[in-house]
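*Asks:* I am attaching a structure below and will ask some questions about it afterwards.
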Amino acid sequence: MALVGEAFLSASIEVLLDRIVSRDVLRLIKGKKLEPVLLKKLKPTLMSVKAVLDDAENKQITNPSVKSWTDELKDAVYDAEDLLDEISTEALRNRSNPNIKPLL
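Using UniProt numbering, the first residue of the sequence shown is number 1, and each one after it goes up by one.
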């Protein structure tokens, strides 16, 4: 069961990678005069996390502290997904009505 959960987490990280560099997110970041380079730096970081997570999937069976770490990582991934949902929602609002006051 734990391996299924971690495989889901690994897939979630891949989805986050795709969403971070999506056209809507990058357009919103540029429109806010924020530094898009920061988002691009996040991509290799998430790729590193994914590699470590793949290794942790095997180790968590015999090491409870690894299981605890993957649970904390899962919470962080969910928080990142929530943040990207908010950014995507704002990007859609701005595209449909540029006069709406932004959340960011």
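For every residue, glycine included, the Cβ atom is placed at its ideal position computed from N, Cα and C.
Using the C-alpha atoms, what's the distance from Val-21 back to Ala-56?
*Replies:* For the purposes of this step, residue 56 is taken as the residue at position 56 of the sequence shown. For the purposes of this step, residue 21 is taken as the residue at position 21 of the sequence shown. Between Ala-56 and Val-21, the C-alpha separation is close to 26 Å.
*Asks:* Does Val-66 come out as helix, strand or coil in the three-state DSSP assignment?
*Replies:* Within the sequence shown, residue 66 is the residue found at index 66, counting from 1. Correct three-state label for Val-66: helix.
*Asks:* Which value, in whole angstroms, describes the spacing of the CA atoms of Asp-54 and Thr-70?
*Replies:* By 1-based counting over the sequence shown, the position of residue 54 is 54. By 1-based counting over the sequence shown, the position of residue 70 is 70. Looking at the backbone, the Cα of Asp-54 and that of Thr-70 are separated by about 10 Å.
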